[in-house]
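J.: Sharing a structure with you now.
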Amino acid sequence: MPRGANTFCYCIKANVIVTGGDDKVLRLWHPNINTKPVGKLVGHMFSITEIVTNEKDQLVISLSSAKVFRVWDIQTLSLLQVFHDSQGGPGDMQIYSMIYDSNHGMLIAGSTVIDMYPLTKMIQDTKQIPRTHEREINVMLYNKSFHQVLTICSESIIKVWELETGLHIYQILDPHGFNVELTSAAIDDSGLIFATGAYNGTVKIWDFGSGQEVKVLPEGKDWKEDELWIKRLFFLKAQEKHQYLLLALERSGKVKMMQGKEDTICLTVIWELPDVVPVLQDGNHIVRLKTATKDRGVPFPDVTLIVEQTSSQHVTNPAVGIEVNCIDLLQVEGYNMIVAGTLNGVIILWNFVTSTVKELYRPEDCFTENPDLDPKRFRINDILFLFRTPECARRSSQDSVCSSSQCDSSKGPQSSKGSKQSIHDSEGKGEQTDVTVGEQQPGDKKHVAETQPPVLVTAHEDGHLRLWSIEGKLLKDMLPFTKHSAISLTSLYIDSCTRILLTSNVEGHVILCSIGSFLNPPHDEKKFKQLLAWRAHSLEILQAIYVEDKQIVLTASVDGSVRVWHALNGHYCGYFGQRRPFDISQTSDFILPCDVNEYPIEIKEESKFTENKQKYEYPLVFDRQRWRKMSSMSLLFKRTPPKPFKVEHDFKFFKSLFSPKIQKHAIEGFMAENREAGVVFGSLPIYRVPSPTSLQFLPLIGSEVLREPDGIPGKKKGSHVQHEKGQRRRSLKRNFVPQINLSSFFFPTISK
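Under UniProt numbering, the sequence shown has 424 at position 424, and the numbering climbs by one with no breaks.
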């Protein structure tokens, strides 16, 4: 090195030493060969001041005196990136220190300011909010067969992603035509095809693997876009091969069935469900159906309502919405039903086995308009059937979402970092604190082999989660616990064996509940347990999906991002659209997106050993024998001596033992002028004493007072001198910010 080295670093994985100096050349040295370098990196125009390495990605980051960063690849000796620090003025042209944080993928440089440069492929970029689409997400679906995720935004761009890595596979632009927004979608059980519905009523079927169009329902001439808006789509099981059956819910509340045959490319509407809401509004809670089955391989028969002619026609208030807002269907052995939830909170069950339509629930005053109340207060945003197939019922109760070993490993490192908040901690030492999802009690084994009747779950606008029997009995009314008050729920999702219930709300929270034991009669309310709640987005979540084989949760929001979370603890994994591939495996690092600052809240199970025992406010126990040996000075602080029977209840000396509170704001001083002085020492007074120009001109404080030999003060000599000294003393006082009483200091008197 002709001009020496200013800095060097050692790369462990490549086993090279990198040096840099005033000759602007980076040299790579083998530790055992010092005669000549094994490689040179040329490109800097100014002296090299700092060098750091990124061991994981095998990168060398060099910094010159002109604030120019260069990123090199150690293995290929190639230049990857050049960027310049724009902080500071023309005089601040030097960065004095630079380090690389390998844990968080952050390059930190220090000059007059501290600059932090995150890797662009890191999932937590402080400058940009995670984005999967440029516009809000309308639909998110998960293909279990392909392990891929399909997302659709309001700009009508379909994107398909790989779940494990987050890589973008393909996209479809304007699938229903230019400027036609897609509003719904569905994936077939086989995963080979998917269907999309638009706001103008058109429906298309696509091949999932290639993204090619298969079938289409073209737009009619007299269609009204506001009424034919497709809100929900479902694939039905077709009895014939190469036949497609779709069930669609329109915005007007109509439920239609579409059929696609092999010999034609167009879909046709072959079945429509009659409107039963006006009939139920007249007071008929059960309406009989007249069925007519045609030999065409349709799972639902043609139905007509059997209505008495004497029923009065009820006048509907146009300000009150009575349309169907959400539906779900159940087609298993012994059951063929469709359930619907309306805008005014009415639950309607169509049972095609018994040929009846039943009103399961109707809120009070749901058909009357009250201008003082929110007209959407009764709305049902989502509804689902909870039904456990016999195959899932035969599974062992030990087959849970998380095993005890996985829970132990996941809770160990996070607990020490404070990444969770635990409410209602369990009492008792003998309790098992691991929460397994879908656990069953030993007494429930008799119900395992039996097929239980389905249960309904509804997500309401008022924030409540309600569960119903198919007879209309309310089994559970729950307000999910989050950091805030009741928030409107937006979506519901269950796993394949109906052990996990996932719901989301308009504030961006995700709530994870265990319903495995609750579905067994007699449907004990205590067996319906909320396990976890965390905030995934800062805005409304439209859909949340639980992937049981990976134990992760996918969330789609109106902020344009689709994010991935660990289902066991609510930890953030990443988002679709990031440059770095996903790391779905459990990690000890707890991170959050830049727009979320709330920790997950875990609800632990209540202790079974202390349910019937007295619960104390403070867990510490008072020892009276040790107290007698101690001084009773604490009783002297009371104004009146306590009575004997009151002393025992007054020994709550542990009231001050609280958990440490998180300091949300910086410590500020008691003086308004000291807020910019610092964070830690801001509460101390700051004294600013300017140094004098010369020590020989220091004033002699106290020299103006002279004492006579007899101790009696004499006359002040030299009035003009006294005036000059008084000015000097006043100027010295003004130089001090807080005025210090100088008379407390000792100054010897000097005679003239």
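Glycine included, each C-beta is placed from N, C-alpha and C at the ideal position. Since we're looking at a predicted model, the values are computed, not measured.
Looking at the unbroken beta strand (DSSP E) that takes in C513, where does it start and where does it end?
T.: Walking along the sequence shown from the start, residue 513 turns up at place 513. Looking at the DSSP string, the run of the beta strand (DSSP E) that includes C513 is H509 to S514.
J.: In this structure, does DSSP put P175 in helix, strand or coil?
T.: Indexing the sequence shown from 1 puts residue 175 at position 175. Coil, per DSSP.
J.: What residues in its chain sit with their C-beta under 6 Å from that of D302, if we drop five residues either side in the sequence?
T.: As a working mapping, residue 302 is identified with position 302 in the sequence shown. Taken in chain order, the residues that qualify are A292.
J.: Excluding the 5 residues preceding and the 5 following K40 in the sequence, name in chain order all residues of the same chain whose CB lies nearer than 8 Å to its CB.
T.: For the purposes of this step, residue 40 is identified with residue 40 of the sequence shown, where counting begins at 1. Within the same chain, K40 has close Cβ partners V25, L26, R27 and L28.
J.: Which runs of the beta strand (DSSP E) at least 3 residues long sit entirely within the stretch 96 to 144? Give them in chain order.
T.: Listed in chain order, they are 97 to 101, 106 to 110, 114 to 118 and 137 to 143.
J.: If we count the other Cβ atoms within 10 Å of its Cβ and call it buried at 16 or more, is K36 buried or exposed?
T.: The residue given as residue 36 occupies position 36 in the sequence shown. It counts as exposed.
J.: Return helix, strand or coil for E391, following the three-state DSSP convention.
T.: As a position in the sequence shown, residue 391 is number 391, starting the count at 1. DSSP places E391 in helix when its eight states are reduced to three.
J.: Do Y142 and I494 have their C-beta atoms within less than 7 Å of each other?
T.: For the purposes of this step, residue 142 is identified with residue 142 of the sequence shown, where counting begins at 1. For the purposes of this step, residue 494 is identified with residue 494 of the sequence shown, where counting begins at 1. No, these two residues do not count as a Cβ contact at 7 Å.
J.: Determine the DSSP secondary structure at L386, reduced to helix, strand or coil.
T.: Within the sequence shown, numbered from 1, the residue matching residue 386 stands at position 386. Reduced to three states, the DSSP call for L386 is strand.
J.: Verify whether the separation of the beta carbon atoms of residue 758 and V564 is less than 7 Å.
T.: Past the boundaries of the shown model lies residue 758; the chain is included only from 1 to 752, so the question cannot be answered.
J.: Give a yes or no on whether the C-beta atoms belonging to T498 and G341 are separated by under 7 Å.
T.: For the purposes of this step, residue 498 is taken as residue 498 along the sequence shown, with counting starting at 1. For the purposes of this step, residue 341 is taken as residue 341 along the sequence shown, with counting starting at 1. No, they are not a contact pair.
J.: Can you grab the Cα-Cα spacing for the pair E55 / I48, in whole Å?
T.: Counting from 1 along the sequence shown, the entry for residue 55 is found at position 55. Counting from 1 along the sequence shown, the entry for residue 48 is found at position 48. For E55 and I48, the distance between alpha carbons rounds to 20 Å.
J.: What residue range is occupied by the uninterrupted alpha helix (DSSP H) comprising L280?
T.: The residue labelled residue 280 in the question sits at position 280 within the sequence shown. Its alpha helix (DSSP H) spans residues V277 to Q281.
J.: Near residue 808, which residues of its chain fall below 8 Å by C-beta distance, leaving aside the five closest residues on each side in sequence?
T.: Residue 808 cannot be examined here, being either before or after the span of the chain that is shown, 1 to 752.
J.: Taking only the alpha-carbon atoms, compute the straight-line gap between K224 and D101 and give it to the nearest angstrom.
T.: Locating residue 224 in the sequence shown gives position 224, where the first residue counts as 1. Locating residue 101 in the sequence shown gives position 101, where the first residue counts as 1. The straight-line gap from Cα to Cα measures roughly 58 Å.
J.: Sort out for me which residues DSSP pairs Q530 with in a bridge.
T.: Counting from one through the sequence shown, the residue named residue 530 turns up at place 530. Answer by DSSP bridge pairing, in chain order: C513.
J.: Mind checking who T53 pairs with in its DSSP beta bridge?
T.: As a working note, residue 53 is residue 53 in the sequence shown. In the DSSP output, where bridge partners are listed per residue, T53 has V60.
J.: Buried or exposed, going by whether 16 or more other CB atoms sit within 10 Å of the CB of G334?
T.: Against the sequence shown, residue 334 aligns to sequence position 334. Exposed: under 16 other Cβ atoms inside 10 Å.
J.: Can you tell me whether Y199 is buried or exposed, with buried defined as 16 or more other CB within 10 angstroms of its CB?
T.: Residue mapping note: residue 199 aligns to position 199 of the sequence shown, counting from 1. Y199 is buried by the Cβ-count criterion.
J.: Using the C-alpha atoms, what's the distance from W271 back to K261?
T.: Numbered from 1 along the sequence shown, position 261 holds the residue referred to as residue 261. Numbered from 1 along the sequence shown, position 271 holds the residue referred to as residue 271. Those two C-alpha atoms are separated by around 15 Å.
J.: Per the contact definition of three or more C-beta pairs closer than 8 Å, is the stretch 469 to 487 in contact with the stretch 505 to 523?
T.: Flag = yes, the stretch 505 to 523 and the stretch 469 to 487 touch.
J.: Quick test of the definition: if touching needs 3 or more C-beta pairs under 8 Å, does the stretch 531 to 550 touch the stretch 591 to 606?
T.: Yes, the stretch 531 to 550 is in contact with the stretch 591 to 606.
J.: Tell me whether L192 sits in a helix, a strand or coil according to DSSP, three-state version.
T.: Position 192 of the sequence shown, counted from the start, is the residue given in the question as residue 192. Here L192 sits in coil by DSSP.
J.: Between the Cα of G20 and those of P453, M45, S156 and L233, spot the shortest distance and give me the residue it belongs to.
T.: One-based indexing of the sequence shown puts residue 20 at position 20. Nearest option by C-alpha distance: M45.
J.: Using only the alpha-carbon positions, how far apart do W350 and D477 sit?
T.: On the sequence shown, residue 350 is found 350 positions in, with the first residue counted as 1. On the sequence shown, residue 477 is found 477 positions in, with the first residue counted as 1. In a straight line, the C-alpha of W350 is about 23 Å away from that of D477.
J.: Measure from the alpha carbon of S111 to the alpha carbon of each residue in I99, T53, N103 and G105, then state which is nearest.
T.: Counting from one through the sequence shown, the residue named residue 111 turns up at place 111. The shortest Cα separation from S111 among I99, T53, N103 and G105 belongs to I99.
J.: Under a Cβ-count criterion, where at least 16 other Cβ atoms within 10 Å of its own Cβ denotes burial, should P581 be classed as buried or exposed?
T.: As a position in the sequence shown, residue 581 is number 581, starting the count at 1. Exposed, since its Cβ has fewer than 16 Cβ neighbours within 10 Å.
J.: What is the DSSP secondary structure of L228, reduced to helix, strand or coil?
T.: The residue you call residue 228 lines up with position 228 of the sequence shown. Here L228 sits in helix by DSSP.
J.: So the candidates are I158, K604 and F234; which of them puts its Cα closest to the Cα of E213?
T.: To locate residue 213, count along the sequence shown from 1; it is residue 213. Checking every option, the nearest Cα to that of E213 belongs to I158.
J.: With 16 as the cutoff for other CB atoms within 10 Å, does L59 come out buried or exposed?
T.: To locate residue 59, count along the sequence shown from 1; it is residue 59. Buried: at least 16 other Cβ atoms inside 10 Å.
J.: Which residues does DSSP list as the beta-bridge partners of H285?
T.: Taking the sequence shown and counting its residues from 1, the one referred to as residue 285 is at position 285. None; H285 has no bridge partner.
J.: Would you kindly work out how many angstroms separate the C-alpha atoms of G211 and I327, rounded to a whole number?
T.: Residue mapping note: residue 211 aligns to position 211 of the sequence shown, counting from 1. Residue mapping note: residue 327 aligns to position 327 of the sequence shown, counting from 1. Going by the C-alpha atoms only, they are around 28 Å apart.
J.: Thinking C-beta only, is I230 closer than 7 Å to T183?
T.: Indexing the sequence shown from 1 puts residue 183 at position 183. Indexing the sequence shown from 1 puts residue 230 at position 230. It is a contact, given that the beta carbons lie within the stated cut-off.
J.: Could you compute how far the alpha carbon of F590 sits from the alpha carbon of A393?
T.: Along the sequence shown, one-based indexing puts residue 590 at 590. Along the sequence shown, one-based indexing puts residue 393 at 393. Distance between the alpha carbons of F590 and A393 is about 36 Å.
J.: Alpha carbon to alpha carbon, what distance is there between I552 and H566?
T.: Your numbering for residue 566 matches position 566 in the sequence shown. Your numbering for residue 552 matches position 552 in the sequence shown. Looking at the two C-alpha atoms, the distance is approximately 5 Å.
J.: Reducing DSSP to helix, strand and coil, say where E525 ends up.
T.: For the purposes of this step, residue 525 is identified with residue 525 of the sequence shown, where counting begins at 1. E525: helix per DSSP, three-state reduction.
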